[in-house]
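One structure is given below, encoded as structure tokens.
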Amino acid sequence: MTRSLAKALNDGLRHALASDPKVLLLGEDIGRLGGVFRVTDGLRADFGDSRVVDTPLGEAGIVGTAIGLAMRGYRPVCEIQFDGFVYPAVNQIVSQLAKYRHRSQGAVAMPVVIRIPYGGGIGSIEHHSESPEAYFAHTAGLRVVTPATPDDAYTMIGQAIACEDPVVFLEPKRRYWSKGEVTGTGGLGLHQAGVVRQGTDVTVVAYGPMVAPALEAAEVADAEGRSVEVIDLRSLAPLDTATVVDSVRRTGRLIVTHEAPLTHGLGAELAARVQDEAFYALEAPVIRVTGYDTPYPPSRLEEGWLPGPDRILAAVDRSLSY
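Residue numbers (the numbering used here): 4 to 325.
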């Protein structure tokens, strides 16, 4: 069936709530309103306000409550309304949530999912278009994933809720209304990358909101006689380096693209790993196509700030010039 990414998440959350009475949702305006992006629309009416909980405006309290619930055997799913609102909860996430299972030598599971709409492209105001993935991917004890399609959104939210470790679940907000077929078959594991377009000349790795521009660039390149393989990373921590390295050994070239700024981004980590594991296969330097090392700009300037197909194609030209 065809679903938007937001509706696919709604279906996935509905399935989890119906399947396990220990699953519950917490967040600002997720109940009566159904969430700012309507991802939780209708769930309170069907499951009640003790399973779909409207919380006060306090992100540290939301995550702190979820930690306590997990200790009592529940599987809480927190919604952070916007990416830029997560920072008040970072102390709870980094100091407590990420460490508790390790601290207890595995005796206490932490099956907490933190849903965060992230990235730009919706013309919003300050604090509503952030890319905080590197903070969480750098934190040992957290799993960090991001779907790019409705099918992955449905499957991955269920996999994340079933996980015994805390999962930061990043939702590309400018893709909420993108539609696609939802099969629910779950062909890939939660932490597997997927080859979404096969090619022979250069590998482009993207995730979340950048998968669609990467595929668009690959279509244009194909018309110009250049074959681009596109990999959807899907998981940022842990990284499925093996899938990327296997592709690079075939193409000899790697481009990594993400909305987050260049410096210390996921692209740098991938570049380091590929050069460590497939150095002699590389025929050109690893190229990163990213956001700029500045705070996110006002909405009227964001289209010039965000990387897009043109910048990816320029990187393809540069890589193939070696």
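Glycine included, every Cβ here is placed at the ideal spot set by N, Cα and C.
Check: Can you find at least 3 beta carbon pairs, one from the region 255-262 and one from the region 270-290, that sit closer than 8 Å?
Finding: Look at the beta carbons and you see the region 255-262 touching the region 270-290: at least three pairs across the two are nearer than 8 Å.
Bridge partners for Gly30 per DSSP, in chain order? By 1-based counting over the sequence shown, the position of residue 30 is 27. Paired residues: Asp57 and Glu82.
Per-residue burial, His105 [other beta carbons within 10 Å of its own, 16 or more giving buried]: Stepping through the sequence shown from its first residue, residue 105 is reached at position 102. Note on His105: under 16 other CB atoms within 10 angstroms of its CB, so exposed under the neighbour-count rule.
Requested in this report: Give me the Cα-Cα distance between Tyr325 and Glu286, rounded to the nearest whole angstrom.
Outcome: Numbered from 1 along the sequence shown, position 322 holds the residue referred to as residue 325. Numbered from 1 along the sequence shown, position 283 holds the residue referred to as residue 286. For Tyr325 and Glu286, the gap between their C-alpha atoms comes out near 7 Å.
Looking only at DSSP bridge pairs, what is Lys182 linked to?
Looking up residue 182 in the sequence shown gives position 179. Answer by DSSP bridge pairing, in chain order: Ser7.
- prompt: What residue from Val319, Ile128 and Thr149 has the CA that sits closest to Ala2's CA?
  reply: One cannot answer for residue 2 here, as it falls past the ends of the chain, which runs 4 to 325.
- request: Decide if Tyr138 is buried, meaning its Cβ has at least 16 other Cβ atoms within 10 Å, or exposed.
  value: Position 135 of the sequence shown, counted from the first residue, corresponds to residue 138. With 16 or more neighbouring CB atoms inside 10 Å of its own CB, Tyr138 falls in the buried class.
If you draw a straight line from the alpha carbon of Gly87 to that of His130, how long is it in whole angstroms?
Along the sequence shown, read from residue 1 onward, the residue named residue 87 stands at position 84. Along the sequence shown, read from residue 1 onward, the residue named residue 130 stands at position 127. Taking the straight line from one Cα to the other gives about 4 Å.
Notebook entry, point to check: What first and last residue would you give for the alpha helix (DSSP H) that runs through Glu62?
Noted result: As a position in the sequence shown, residue 62 is number 59, starting the count at 1. Counting along the chain, the alpha helix (DSSP H) containing Glu62 begins and ends at Glu62 to Met74.
How many angstroms separate the CA atom of Leu72 from the CA atom of Ser302? Working through the sequence shown from its first residue, we reach residue 72 at position 69. Working through the sequence shown from its first residue, we reach residue 302 at position 299. Taking the straight line joining both Cα atoms gives about 38 Å.
Worksheet item: Is Val247 near Ile234, with beta carbons less than 9 Å apart?
Response: The residue labelled residue 247 in the question sits at position 244 within the sequence shown. The residue labelled residue 234 in the question sits at position 231 within the sequence shown. Cβ distance < 9 Å, so Val247 and Ile234 count as in contact.
Query raised in the report: Between Arg54, Pro91, Pro216 and Leu46, which lies nearest to Gly124 when the distance is taken from Cα to Cα?
Result: Translated into positions along the sequence shown, residue 124 becomes position 121. The shortest C-alpha separation from Gly124 is found at Pro216.
### Query
Mind checking whether Pro79 and Asp168 have CB atoms under 9 Å apart?
Your numbering for residue 79 matches position 76 in the sequence shown. Your numbering for residue 168 matches position 165 in the sequence shown. Taking C-beta atoms as the reference points, Pro79 and Asp168 fail to come closer than 9 Å.
Closest to Ile117 by C-alpha separation, out of Gly67, Ala245 and Ile83, would be which residue?
As a first step, residue 117 is located in the sequence shown; it is residue number 114 there, counting from the start. Measuring from the Cα of Ile117, the nearest candidate turns out to be Ile83.
**Prompt:** Roughly how many angstroms lie between the CA atoms of Asp320 and Pro91, to the nearest whole one?
**Reply:** Looking up residue 320 in the sequence shown gives position 317. Looking up residue 91 in the sequence shown gives position 88. Going by the C-alpha atoms only, they are around 42 Å apart.
* Is the CB-CB distance between Glu219 and Thr244 below 9 Å? -> As a position in the sequence shown, residue 219 is number 216, starting the count at 1. As a position in the sequence shown, residue 244 is number 241, starting the count at 1. Not in contact: Glu219 and Thr244 (Cβ atoms no closer than 9 Å).
With 16 as the cutoff for other CB atoms within 10 Å, does Arg237 come out buried or exposed? Counted from its first residue, the sequence shown places residue 237 at position 234. By the neighbour-count rule (16 or more Cβ atoms within 10 Å), Arg237 is buried.
Point to revise | Where Thr3 sits in the DSSP three-state scheme | key: No answer is possible for residue 3: the residues shown for the chain start at 4 and end at 325.
Self-check item: Distance, Leu191 Cα to Gly144 Cα
Solution: Mapped onto the sequence shown, residue 144 falls at position 141. Mapped onto the sequence shown, residue 191 falls at position 188. Approximately 22 Å between the Cα atoms of the pair.
Self-check item: Same chain, Cβ closer than 7 Å to Gln201, neighbours up to 5 away in sequence not counted
Solution: On the sequence shown, residue 201 is found 198 positions in, with the first residue counted as 1. Apart from sequence neighbours up to five positions away, the residues of its chain that approach Gln201 with a beta-carbon distance below 7 Å are Glu232, ordered along the chain.
Practice prompt. May I ask you to verify whether the region 5-13 touches the region 177-189, counting CB pairs closer than 8 Å and requiring at least 3?
Written response: Because the criterion of three Cβ pairs below 8 Å is met, the region 5-13 and the region 177-189 touch.
**Q.** Residue interval of the beta strand (DSSP E) (run including Glu232)
**A.** Counting from 1 along the sequence shown, the entry for residue 232 is found at position 229. Per DSSP, the continuous beta strand (DSSP E) segment holding Glu232 begins and ends at Val231 to Asp235.
**Report entry** Strand pairing of Glu174, partner residues [DSSP]
**Finding:** Residue numbering aside, residue 174 sits at position 171 when the sequence shown is read from its first letter. As computed with DSSP, Glu174 is found in a beta bridge with Pro120.
Can a CB atom of chain B be found closer than 9 Å to the CB of His267?
In the structure shown, chain B cannot be found, because there is only a single protein chain.
* **Three or more C-beta pairs below 8 Å linking the region 54-64 and the region 28-42** => Output reads yes: the region 28-42 touches the region 54-64.
#### Entry: Spatial distance of Gly49 from Gly122 (CA atoms)
Within the sequence shown, the letter at position 46 stands for residue 49. Within the sequence shown, the letter at position 119 stands for residue 122. A quick correction: the sequence has Asp, not Gly, at residue 49. Rounded to whole angstroms, the separation of the alpha carbons of Gly122 and Asp49 is 30 Å.
ask   = Could you give the distance in angstroms between the alpha-carbon of Val338 and the alpha-carbon of Gly311?
value = Because residue 338 is not part of the residues shown, which for the chain are 4 to 325, the question remains open.
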